[in-house]
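Just add 1226 to wherever you are in the sequence shown, counting from 1, and you've got my numbering.
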Amino acid sequence: MLLHLRKVLSEQELAQARRWLREGPWIDGRSTAGALAVHAKHNWQLKQDSEASRQLQALILQAVERHAEFFAATLPKKIFNPLFNRYGGEANTYGAHVDGAVMHSRSTGQRVRSDVSCTVFLCDPQDYEGGELVIEDTYGSQRVKLPAGDAVIYPGTSVHAVTPVTRGERLASFFWVESMVRSDEQRRLLYDLDRHLSQLRAVAGTQEAVVGLTGTYHNLLRMWADT
Ligand code: NI
1227 MLLHLRKVLS EQELAQARRW LREGPWIDGR STAGALAVHA KHNWQLKQDS EASRQLQALI
1287 LQAVERHAEF FAATLPKKIF NPLFNRYGGE ANTYGAHVDG AVMHSRSTGQ RVRSDVSCTV
1347 FLCDPQDYEG GELVIEDTYG SQRVKLPAGD AVIYPGTSVH AVTPVTRGER LASFFWVESM
1407 VRSDEQRRLL YDLDRHLSQL RAVAGTQEAV VGLTGTYHNL LRMWADT
């Protein structure tokens, strides 16, 4: 499931994030790429054990944890510590690649299965040319370039790329979610059911049928969730 999440970060948080990102330090993105991705990756990455990185990670995690739609769509069990990248100048693109199935952080020892990938856009689309996230989907290629503060989630199984940034700079945060529900198909079904139930509750209140269907949602989640 590919989903656009609106207003994950507030204006104040965006401004703060950009201030910390200006501090850096930035390192060559290839330092964290796997054997295949290393040939495709030409960008900058914020040094993971820096003070700026720690502050930014907390800010992003806090933002996604309060976002109801993020929760409904990903049903998170573990969230990898968010990373930050910058595209522009000579280091401006990331060719087609796949993300590793299990992400491992050397600094924390954290291991997260990459069921869902998430990118949070930190620059406004008009501030740079190119820099589209291209995701290969069963419907064909999806080209994603969102307003600052918005995010996209997509299956960790997808082949994806970032097109060259030919003007300005593209800043983003990216991370992976290990979901309580491993199957993308089951997660999709739960997300749809949850969304339609909220709409139904708004018009039908707490009628018996709504209560019953809410029970069905939880029973499916109970059947499929692994905590
Ligand atoms: Ni990737």
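Cβ coordinates follow ideal geometry from the N, Cα and C atoms, glycine included.
Asked, Found
"Nearest-angstrom Cα separation, counted from Asp1420 out to Met1449", "16 Å"
"Cβ-heavy atom distance, Asp1325 to the ligand NI, below 6 Å", "yes"
"Assumed close pair Val1324, Gly1357 - CB separation to whole angstroms, cut-off 8 Å", "With 8 Å as the limit, Val1324 and Gly1357 do not qualify as a contact, their Cβ atoms being about 20 Å apart."
"Element boundaries [beta strand (DSSP E), containing Gly1356]", "1354 to 1356"
"Where Gln1433 falls, given that 16 or more other Cβ within 10 Å makes a residue buried", "exposed"
"Reference Pro1308; option with closest CA among Thr1345, Arg1369, Thr1453", "Thr1345"
"Secondary structure, beta strand (DSSP E): runs of 3+ residues fully inside the region 1275 to 1311", "1302 to 1305"
"Residue range of the beta strand (DSSP E) that includes Met1329", "1328 to 1330"
"Pairwise C-alpha distance: Tyr1313 and His1268", "8 Å"
"Nonlocal neighbours in the same chain, by C-beta distance under 7 Å from Glu1239, ignoring five residues either side", "Leu1285, Ala1289"
"Within 7 Å, strictly: CB atoms of Asn1318 and Gln1271", "no"
"Host beta strand (DSSP E) of Leu1359 (start-end)", "1359 to 1363"
"Range of the contiguous alpha helix (DSSP H) that encloses Ala1435", "1434 to 1450"
"Contact under 7 Å by Cβ, Ser1343 with Tyr1320", "no"
"Pairwise C-alpha distance: Gln1352 and Val1391", "12 Å"
"Beta-carbon proximity of Lys1273 to Ile1253, cut-off 7 Å", "yes"
"Minimum C-alpha distance to Gly1441 - residue among Ala1430, Leu1287, Asp1350, Leu1423", "Leu1423"
"Cut-off 6 Å between Cβ atoms - residues of its own chain near Phe1400, not counting five sequence neighbours on either side", "Leu1309, Thr1345"
"DSSP three-state assignment for Glu1411, whether helix, strand or coil", "helix"
"Ala1384 versus Leu1397, Trp1402, Ala1294, residue with shortest Cα-Cα distance", "Checking the displayed sequence, the identity of residue 1384 turns out to be Ser instead of Ala. The residue with the shortest Cα to Cα distance from Ser1384 is Trp1402."
"Local Cβ density within 10 Å of Gln1283, reported as buried at 16 or more and exposed below that", "buried"
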